[in-house]
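Protein chains: 2
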Amino acid sequence: MVTGQGPVTITDVARLAGVSPGTASKALNGRAGISAGTAIRVQEAAEQLGYQPNALARGLLTGRSFTVGLITTDSFGRFSIPVVQGVEDALGPGRILVFLCESRDDRLREQHYLQALLERRVDGIIVTGRRQDQREPIGRDLRVPVVYAMAYSSDPADLSLVPDDEDGGALAVRHLLSTGRTTIGHVTGPRRFRAAVLRAAGAEQALAAAGLGLAGGQAWYGEWTEEWGRRGADLLLRAAPGLDAVFCGNDQIARGVADRLRETGLRVPEDVALVGFDNWAVIATACRPPLTTVDMNLRQLGRAAGERLLAAVDGHPSSGLQLLPCSLVVRESSRPRGSGMLDEGGQ
Amino acid sequence: MVTGQGPVTITDVARLAGVSPGTASKALNGRAGISAGTAIRVQEAAEQLGYQPNALARGLLTGRSFTVGLITTDSFGRFSIPVVQGVEDALGPGRILVFLCESRDDRLREQHYLQALLERRVDGIIVTGRRQDQREPIGRDLRVPVVYAMAYSSDPADLSLVPDDEDGGALAVRHLLSTGRTTIGHVTGPRRFRAAVLRAAGAEQALAAAGLGLAGGQAWYGEWTEEWGRRGADLLLRAAPGLDAVFCGNDQIARGVADRLRETGLRVPEDVALVGFDNWAVIATACRPPLTTVDMNLRQLGRAAGERLLAAVDGHPSSGLQLLPCSLVVRESSRPRGSGMLDEGGQ
DNA sequence: ATCGCTAAGGCAAAGGTTTTCGCAATGTGA
DNA sequence: TCACATTGCGAAAACCTTTGCCTTAGCGAT
């Protein structure tokens, strides 16, 4: 294929097809004004030479590079991954490529990356992060559209996409209510996390709608760890002995709660039902029993971010904070009483 | 900053500084033959206008794009992340940018991405994946260097970097031996995983060097799950009642083993010591007790991949399969008997 | 005063592609 | 046969930067 040195250019293709470079370009891009015969001849020549158009040259001329930058402010962990996957879904394999930039919460690194992205003339930028808390806009007057996903800009003119944590909390509680539970406790992460507060608010709201309140009279704020889940379970059991369900701020806490309940002699879900948050597979499915949990649909969120960015690139920008719905993944840990084969009559 | 429409070009900068574009270019790139006064004038003009050089134009001319492609064959999970971070370490923030391409083990997607990368004239390509098993080369005669990281090419002319699983297994066992354990079992993942077989081989080798063999006379192959860890522990205890240590093929299995041992009334590490593999923080630190485990140093592996790729771009290629050392992260689960405050005299 | 040398900076080409415009050839109708 | 529309293709400009070569000016030495 590659005969001489250097990559083959459109001029080589044109020469082989016996046409001018301009004509070859039109033929390869399906532009009008080219006879069918010529078009085929050009395409065959391109094939034969293994021609790969030079995207740099094209981008230089057209002003579009068909690349986007993805800046993850937070070290790029389990929350960023599905978002990135969703973004790739939206951009299609190879159509638009994404530059991955991990700023590691370092403002200086972030600026370096931003600079580098702008120099490479990306068509747009997606900013993502673990925190759903507000952040400074990445820059001002950037010449390219920016979408924030799982991170939201303090500038309301920017478009920010985040999961609806409050809705997620309500979802969890309504599910527990629907399985007949009424004494529902809540153990969650640190109060300084907006997500923790919102999930708790959603839960309380759903309880209030049913004329109920949180078991023990409050949400138990702590850490996002199993360790805290175990301690939280102890506190909760002491405060609300009649407990028949616990909604947890994330799956790790839920797993800690599950372990401690079992060690205390309480059965999940027969005595106490359990719902987590995040649907982190490795935790939720390894839990004993497997965990019912709220899924933030991060992949769809990423896909939405990609789609919005493309729309903005095409001149249809949007703005503001947009909440995307969560959904519930039901597993063993919240099975209604009396259902399921193993426990028929076990009460 | 941005005054009119369109981005500011070097011609704008040159005009403002009262020089020709060529001179401006030399001044901005620190080339010789420019007086100090002019250089400063140009730099100030660039600053004032917010000039951002067009990397597309530069790349078109110089033949280097200062970008690399990163193709992850496997859906880009916990193993790819540290590798990607390491690659970024090596490439520096903003100096060289990486195109992230997730092929999802789909050969067709992979080819699309490869095509797209070559069109964008990347300087090199890194291929990474979850499997350490051999794979087909991504393509032939690619015009750009390729490095395989956590994935290895069947073509020995390619450079492949993978963790030394065998060494990791030996490391784990030697550590257990050094804490005075002698009856050491091994529970691990499916036999079809090269990594599982290699880790077991390393373990057996280290035992043989001490004149010992695996407790129960074999390695127990199963799944990479906690569930299997619990069942494996049962099998192992039945086969080797005098067991005083277990080396597990990954951290999830180890955690399952830890849980089952505790449920059986055996104490970790007092009665049975435990070593895992992967150093997956969320598992290893949530384990009760926190898990001693083998770390594959994936981040360093990624960094090495980046460095090798840069070397190859600069005309210093290397080739072959290279094994990178693992290291041991010691935590509670393998504390030597009689050490530590909680158990003094507890035996 | 002339020569030669150096330093500083301008000029123009090159890199590969797309696109506009114009030209030629062909076909159509009178 | 001529005027005209249509179709197909070529020529050249444009995108922005870098770089090799050339010009010019300045200076010291002869």
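If you're matching them up, the sequences are chains A and B in order.
Residue numbers for the first sequence follow our numbering, so the first one is 1 and each next one is one higher.
Residue numbers for the second sequence follow our numbering, so the first one is 1001 and each next one is one higher.
For glycine and all other residues, C-beta sits at the position ideal for the given N, C-alpha and C.
Does the beta-carbon distance from leucine 348 of chain A to alanine 1215 of chain B come in below 8 Å?
-> No answer is possible for residue 348 of chain A: it lies beyond the span of chain A, which begins at 1 and ends at 347.
Along the chain, where does the alpha helix (DSSP H) that runs through tryptophan 351 of chain A open and close?
-> Coverage of chain A is limited to positions 1 through 347, which leaves residue 351 of chain A absent and any answer about it impossible.
Interface residues of chain B around arginine 109 of chain A at Cβ under 7 Å?
-> Scanning chain B for C-beta atoms nearer than 7 Å to the C-beta of arginine 109 of chain A yields Pro1093, reported in chain order.
What is the rounded straight-line gap between the Cα of alanine 311 of chain A and the Cα of leucine 70 of chain A?
-> Using only the alpha carbons, I get a separation of about 16 Å.
Report buried or exposed for isoleucine 1040 of chain B, applying the criterion of at least 16 other Cβ atoms within 10 angstroms of its Cβ.
-> Under this definition isoleucine 1040 of chain B is an exposed residue.
If we count the other Cβ atoms within 10 Å of its Cβ and call it buried at 16 or more, is asparagine 29 of chain A buried or exposed?
-> Around the beta carbon of asparagine 29 of chain A, a 10 Å sphere encloses fewer than 16 other beta carbons of the protein chains shown; the residue is thus reported as exposed.
Which residues, in order along the stretch 276-299 of chain A, keep a beta-carbon less than 8 Å from a beta-carbon of chain B?
-> So the close ones are Val282, Ile283, Ala286.
So, does the CB of leucine 1060 of chain B fall closer than 8 Å to a CB anywhere in chain A?
-> The beta carbon of leucine 1060 of chain B sits closer than 8 Å to some beta carbon of chain A.
Below 8 Å between beta carbons: does that hold for proline 1007 of chain B and leucine 1298 of chain B?
-> With contacts defined by Cβ atoms closer than 8 Å, proline 1007 of chain B and leucine 1298 of chain B do not form a contacting pair.
Find the residues of chain A that neighbour phenylalanine 1099 of chain B, judging by a C-beta separation of less than 8 Å, and give them in chain order.
-> Those within 8 Å of phenylalanine 1099 of chain B in chain A are Thr67, Leu97, Val98, Phe99, Leu100.
So, is the C-beta of glycine 1077 of chain B closer than 8 Å to a C-beta in chain A?
-> Closer than 8 Å to some Cβ of chain A, the Cβ of glycine 1077 of chain B qualifies, so yes.
Sorted by chain position, which residues of the same chain lie with C-beta nearer than 6 Å to glutamate 166 of chain A's C-beta, five sequence neighbours on each side aside?
-> Shown here for glutamate 166 of chain A: same chain residues with a beta carbon closer than 6 Å to its own, the five before and five after excluded, namely Leu198, Ala201, Gly202 in chain order.
Alanine 1245 of chain B vs threonine 1183 of chain B beta-carbon contact at 8 Å = Going by beta carbons, alanine 1245 of chain B and threonine 1183 of chain B fall inside the 8 Å limit.
Answer with yes or no whether the minimum CB distance from leucine 49 of chain A to chain B is below 8 Å.
-> Among the CB atoms of chain B, none fall inside 8 Å of the CB of leucine 49 of chain A.
With a floor of 3 residues, list each beta strand (DSSP E) that falls wholly inside the stretch 50-77 of chain A, ordered by position along the chain.
-> Qualifying beta strand (DSSP E) stretches, in chain order: 67-72.
CB contact check: proline 190 of chain A to chain B, cutoff 8 Å | Not an interface residue.
How big is the Cα-Cα spacing for serine 334 of chain A and leucine 1323 of chain B?
-> Between serine 334 of chain A and leucine 1323 of chain B, the C-alpha separation is close to 46 Å.
When A/Thr72, A/Val87, A/Leu91 are compared against glycine 386 of chain A, the one with the closest alpha-carbon = No answer is possible for residue 386 of chain A: the residues shown for chain A start at 1 and end at 347.
If you run the structure through DSSP and keep just helix, strand and coil, what is threonine 1128 of chain B?
-> If DSSP states are grouped into helix, strand and coil, threonine 1128 of chain B belongs with the strands.
Since I believe methionine 296 of chain A is in contact with glycine 189 of chain A (beta carbons under 8 Å), could you give me their beta-carbon distance rounded to a whole number of angstroms?
-> Not really, about 14 Å apart at Cβ, beyond 8 Å.
Cα-Cα separation, leucine 1328 of chain B to leucine 237 of chain A | CA-to-CA, the gap between leucine 1328 of chain B and leucine 237 of chain A works out to about 39 Å.
The alpha helix (DSSP H) enclosing valine 1084 of chain B, as first and last residue numbers = For valine 1084 of chain B, the uninterrupted alpha helix (DSSP H) segment begins and ends at 1080-1091.
Spatially closest choice to proline 289 of chain A from A/Ala209, A/Arg255, A/Thr264, A/Ser65, by CA coordinates | Closest by alpha carbon: A/Arg255.
Answer yes or no: does any C-beta atom of chain A fall closer than 8 Å to that of threonine 1225 of chain B?
-> It does: the Cβ of threonine 1225 of chain B has a partner Cβ on chain A nearer than 8 Å.
Taking the C-alpha atoms as reference points, what is the distance between arginine 140 of chain A and glutamate 1270 of chain B?
-> Between arginine 140 of chain A and glutamate 1270 of chain B, the C-alpha separation is close to 59 Å.
Distance, arginine 1331 of chain B Cα to isoleucine 283 of chain A Cα | Taking the straight line from one Cα to the other gives about 21 Å.
Using a beta-carbon distance cut-off of less than 7 Å, what residues from the stretch 1115-1131 of chain B approach chain A?
-> Flagged, chain order: Gln1115, Ala1116, Leu1118, Glu1119, Arg1120, Arg1121.
So does proline 1290 of chain B have its beta carbon nearer than 7 Å to some heavy atom of the ligand MG?
-> The ligand MG is absent from the structure shown, which contains no ligands of any kind.
Can you say whether alanine 209 of chain A is buried or exposed, counting buried as having 16 or more other CB atoms within 10 angstroms of its CB?
-> Under this definition alanine 209 of chain A is an exposed residue.
Out of curiosity, what's the CA-to-CA distance linking glutamine 1347 of chain B and arginine 1095 of chain B?
-> Confidence in glutamine 1347 of chain B is poor, its pLDDT being 34 and thus under 50, which makes the residue's placement too unreliable to answer from.
Boundaries (first-last residue) of the beta strand (DSSP E) holding histidine 1112 of chain B | The continuous stretches of beta strand (DSSP E) do not include histidine 1112 of chain B, which lies in the alpha helix (DSSP H) extending over residues 1107-1119.
Within the chosen definition, does the stretch 1126-1136 of chain B reach the stretch 114-131 of chain A through at least 3 CB pairs nearer than 8 Å?
-> Inter-segment contact for the stretch 1126-1136 of chain B and the stretch 114-131 of chain A is absent: fewer than three beta-carbon pairs are separated by less than 8 Å.
Through-space distance from aspartate 1278 of chain B to alanine 172 of chain A, alpha-carbon basis | Rounded to whole angstroms, alanine 172 of chain A to aspartate 1278 of chain B spans 33 Å at the Cα level.
Name the one or two DSSP bridge partners that aspartate 295 of chain A has.
-> DSSP output for aspartate 295 of chain A lists A/Ser327 as bridge partner(s).
Interface residues of chain B facing proline 7 of chain A [CB-CB closer than 9 Å] = Per Cβ cutoff of 9 Å: Leu1118, Arg1121, Arg1143.
Report the neighbours of glutamate 1088 of chain B on chain A: residues whose CB is nearer than 7 Å to its CB, in chain order.
-> Near glutamate 1088 of chain B (Cβ distances below 7 Å), the residues of chain A are Glu102.
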